[in-house]
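The listed protein sequences derive, respectively, from chains A and B. Going by numbering that gives the first Met the number 0, the first residue of the first sequence is number 0, and it counts up by one from there. Going by numbering that gives the first Met the number 0, the first residue of the second sequence is number 0, and it counts up by one from there.
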Amino acid sequence: MATQTATTSRRRKPLQLGGYLGLVLAIAIMILPLAWMFLAGFKERDEIYTVPIQWLPEAYDLSNYAAALAAVPFGNFFLNSTITTVIGAGLKMLLGLTTAYAVVFLEFPFKKFVFGLVIFALLVPQQIVMIPNFTLVASLGWINTYQGIIVPGLASAFGTFLFRQHFLTLPISILEAAALDGASHWTRLWRFIVPISAPTIAAVALISIVSEWNEYLWPLLVVDRSDMMTLPVGLTLLQNNDGVTNWGVLMAGTVLVTVPVLIAFFALQKRIIAGLTAGGVTG
Amino acid sequence: MTTIEDLQRGTDSAVAVAAPNGAGSATTVPARVFTPRKKKKPWKSWLLFLLFAGPNVALLIVFTYKPLLQSLYYSTLQWNLGSASAIPVGLGNYVTWFNDPGTVRVVTVTLIFTVATVGGGMVIGLLFAVLLNRKLHGRGAARTIVVAPYVLSGVAVGLLWLFVFDPNFGITAALLDAIGVASPPWYNDPHWALVMVIIVYLWKNVGYVALIYLAALQSVPRDLLEAASLDGASPVRAFRNIVLPLLGPTTFFLSITTLLSSLQSFDIIQAMTKGGPLEGTTTMMYQIYQEGFQAGRAGYSSAVATILFAVLLVVTLIQMKYVEKRVHY
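Here it is, written out as structure tokens:
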């Protein structure tokens, strides 16, 4: 901390060295397991079950990937994950935006109570309510359906909270101009507020997409047909099929699940990091 | 850091934010509502409010609040999931849980897992943040890499680490072998299995904590530190006496959010150990799943869920009360 500006260069040298050592160590801890997964995806059985361990595969062939794709319907998993993520995250954003707009810009006698109701939901873990929700979804005949996966988790609590925080910081002059224009609230939201809130919306959207994509417990409960499974649920089908884990194939499957997210993360890291930070540091 | 503050204050800050802008005549009305003639027909605004916020609130009522009460009711039943009949047993499920010899183990596992992941996460996260806050080449890339596991699927992370921990063919076995130590039985020993899932949880989530702390560190006023340095304070002292107190609100925020997510963790445990071996990694949250969906004892599961929710509520309220006094914003 203080070394940044306040120490002399004499003291800085060893501290810098220690800093770099720490940085390298941190990066190694983070990357090593991922590298291990990538490399294992290319390894033959005898390259995996060997002591001492063999780091690099002899050849980078894709037979484990072919085996993973043949063993389970990855195409379906991918499609199901995409559909539930796009629709789920999209509707969630819509609900968050309209609720935040209502809470900030519209009048209602029990506004504080309504906002409290939305925020308090953040304290209710999904697991506490999963049995009643499962019973409800089952009675609606929604087992093994997209609506069964999407609808119970659709409500927006955190998004509403973040959008509200952001709306409160908007310059009031723009909105007054819109009001004088005679624009309806619906138009004001979409023509004026959404465009100037684009960075916040993008950040929140990316966080919603990531969490929908990775959602595991609920899809695990409401889907038991493999063609309706999402990626995280389907991936576990590769685990322990015959009592012994075939690491090469399982790691190939794991690569297929993680790589799209990693690519998206590195491509959009600024926005995603902004989204993650938005929850913690809003003032 | 107004997050939690606002959580308690409700919409008060609407006034605080808008007032300097001179939101006109809005002295009695909440400052940001500026439909000029609203007093004539407030019902129009009310109706719009219902249209805008209604669907979200309805979903919350149907899928969060109603099931919360249902869960409370189910906890008084001896009822198997999917069964049409249920026997009311009053507090029977609670009595059974408190008297079950396995409960001590479940609570212990939950406590160890929670304390290790929340406490460990904050300590390691802060260390990472301090490291990433220094002017080092490549720290931007390092920040990205440290956060990357946080966006990955918990199932995928659990599975890939399962291979890392393979006692014969994994990385940990090779590293330990290099220093002449045999790999611990990560898969078969309940204590080592708990250590294993804690390590994996920390690996996945510590980047988030580091990121939040980093943002907070970057907002520490530099002249404060320079003044301290001119006064002859060592970097360590300056950190302890100036930086740490300023991080109070962030620590408070993280203590609540990481506690909530730690208590809800399921993916990693399900992918790696399924609560075993010998239930050594069965946390209360995992027990709720297992009792409800594996054993089918929905009533009993609901009782455990209710107990856990009550604990969660009390802990969160205590955190808020305690922090309100201690942390200065």
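The C-beta atom is built at its ideal place from N, Cα and C for all residues, glycine as well.
Tell me the rounded alpha-carbon separation between residue i and residue j.
i: tyrosine 64 of chain A; j: lysine 42 of chain A; result: 11 angstroms
i: valine 232 of chain A; j: proline 218 of chain A; result: 7 angstroms
i: glutamine 238 of chain A; j: asparagine 245 of chain A; result: 8 angstroms
i: lysine 110 of chain A; j: alanine 227 of chain B; result: 46 angstroms
i: valine 310 of chain B; j: aspartate 180 of chain A; result: 52 angstroms
i: glycine 274 of chain B; j: threonine 102 of chain B; result: 14 angstroms
i: methionine 228 of chain A; j: leucine 188 of chain A; result: 36 angstroms
i: threonine 253 of chain A; j: aspartate 226 of chain A; result: 18 angstroms
i: isoleucine 30 of chain A; j: leucine 135 of chain A; result: 43 angstroms
i: valine 56 of chain B; j: glycine 115 of chain A; result: 11 angstroms
i: tryptophan 96 of chain B; j: serine 233 of chain B; result: 53 angstroms
Going along the chain, which residues of its own chain have a beta-carbon closer than 8 angstroms to the beta-carbon of residue i, five neighbours each way excluded?
i: leucine 90 of chain B; result: Thr75
i: proline 276 of chain B; result: Tyr186, Asn187, Asp188, Pro189, Ala192
i: leucine 93 of chain A; result: none
Go through its chain and collect everything with a Cβ distance to residue i's Cβ below 7 angstroms, but skip five positions before and after it.
i: proline 184 of chain B; result: Pro166, Trp191
i: arginine 104 of chain B; result: Glu278
i: leucine 224 of chain B; result: Ala237, Ile241
i: arginine 138 of chain B; result: Leu131
i: arginine 44 of chain A; result: Gly247
i: threonine 272 of chain B; result: Ala192, Val196, Thr280
i: leucine 55 of chain A; result: Leu38
i: valine 197 of chain A; result: The amino acid at residue 197 of chain A is misidentified as valine; the sequence shows alanine. Taken in chain order, the list of residues that qualify is empty.
i: valine 28 of chain B; result: At valine 28 of chain B the pLDDT is 41, less than 50, meaning the model places this residue with poor confidence; the figure from the coordinates comes in the next sentence. So no residue of the chain qualifies.
Per DSSP, residue i forms a beta bridge with which residues?
i: alanine 85 of chain B; result: B:Trp78
i: arginine 296 of chain B; result: B:Asn79
For residue i, return the contacting residues in chain B, with the cut-off set at a CB-CB distance below 7 angstroms.
i: tryptophan 246 of chain A; result: Phe162
i: glycine 18 of chain A; result: Leu130, Arg133, Leu135
i: leucine 78 of chain A; result: Here the premise fails: no neighbours, minimum Cβ distance about 17 angstroms.
i: phenylalanine 264 of chain A; result: Ala147, Val150
i: alanine 101 of chain A; result: Phe48, Phe51, Ala52
Apart from the five residues on each side of it in sequence, which residues of its chain come closer than 6 angstroms, Cβ to Cβ, to residue i?
i: alanine 120 of chain A; result: Ala156
i: tryptophan 160 of chain B; result: Val199
i: tyrosine 207 of chain B; result: Tyr149
i: glutamine 77 of chain B; result: Ile86, Val88, Gly298
i: alanine 277 of chain A; result: Leu161, Ala202
Residues of chain A with CB closer than 8 angstroms to the CB of residue i, please, in chain order.
i: glutamine 286 of chain B; result: Per Cβ cutoff of 8 angstroms: no residues; glutamine 286 of chain B is ~10 angstroms from chain A at best.
i: arginine 239 of chain B; result: Under the 8 angstroms cutoff, chain A gives no residues; its nearest Cβ is about 11 angstroms from arginine 239 of chain B.
i: proline 244 of chain B; result: Under the 8 angstroms cutoff, chain A gives no residues; its nearest Cβ is about 13 angstroms from proline 244 of chain B.
i: tyrosine 73 of chain B; result: Ile130, Pro131
i: phenylalanine 308 of chain B; result: Val123, Pro124, Ile127
i: leucine 312 of chain B; result: Leu122
Closer than 7 angstroms by beta-carbon distance: list the chain A residues that pair up with residue i, in chain order.
i: tyrosine 207 of chain B; result: Leu275
i: proline 66 of chain B; result: Val128, Pro131, Asn132
i: valine 196 of chain B; result: The contacting residues do not exist; valine 196 of chain B stays about 14 angstroms from chain A at best.
i: phenylalanine 292 of chain B; result: Leu220
Are the Cβ atoms of residue i and residue j separated by less than 8 angstroms?
i: tryptophan 45 of chain B; j: phenylalanine 107 of chain A; result: yes
i: glutamine 286 of chain A; j: alanine 304 of chain B; result: This structure gives no information on residue 286 of chain A, because the portion of chain A shown stretches from 0 to 282.
i: phenylalanine 160 of chain A; j: isoleucine 118 of chain A; result: yes
i: threonine 280 of chain B; j: valine 156 of chain B; result: no
i: threonine 63 of chain B; j: alanine 154 of chain A; result: yes
i: valine 154 of chain B; j: alanine 270 of chain B; result: yes
i: serine 301 of chain B; j: isoleucine 47 of chain A; result: no
i: leucine 22 of chain A; j: alanine 141 of chain B; result: yes
i: threonine 97 of chain A; j: alanine 52 of chain B; result: yes
i: alanine 202 of chain A; j: alanine 273 of chain A; result: yes
i: valine 102 of chain A; j: isoleucine 148 of chain A; result: no
i: alanine 99 of chain A; j: isoleucine 208 of chain A; result: no
Run through chain B and tell me which residues come within less than 9 angstroms of residue i, C-beta to C-beta.
i: tyrosine 215 of chain A; result: Ser152, Gly153, Val154, Phe265, Asp266, Gln269, Ala270
i: isoleucine 271 of chain A; result: Val146, Val150
What residues from chain A crowd round residue i, counting only those whose CB sits closer than 9 angstroms?
i: tryptophan 45 of chain B; result: Leu105, Glu106, Phe107, Pro108
i: asparagine 330 of chain B; result: Residue 330 of chain B lies beyond the range of chain B shown here (0 to 328); nothing can be said about it.
i: valine 56 of chain B; result: Thr98, Val113, Leu116, Val117, Ala154
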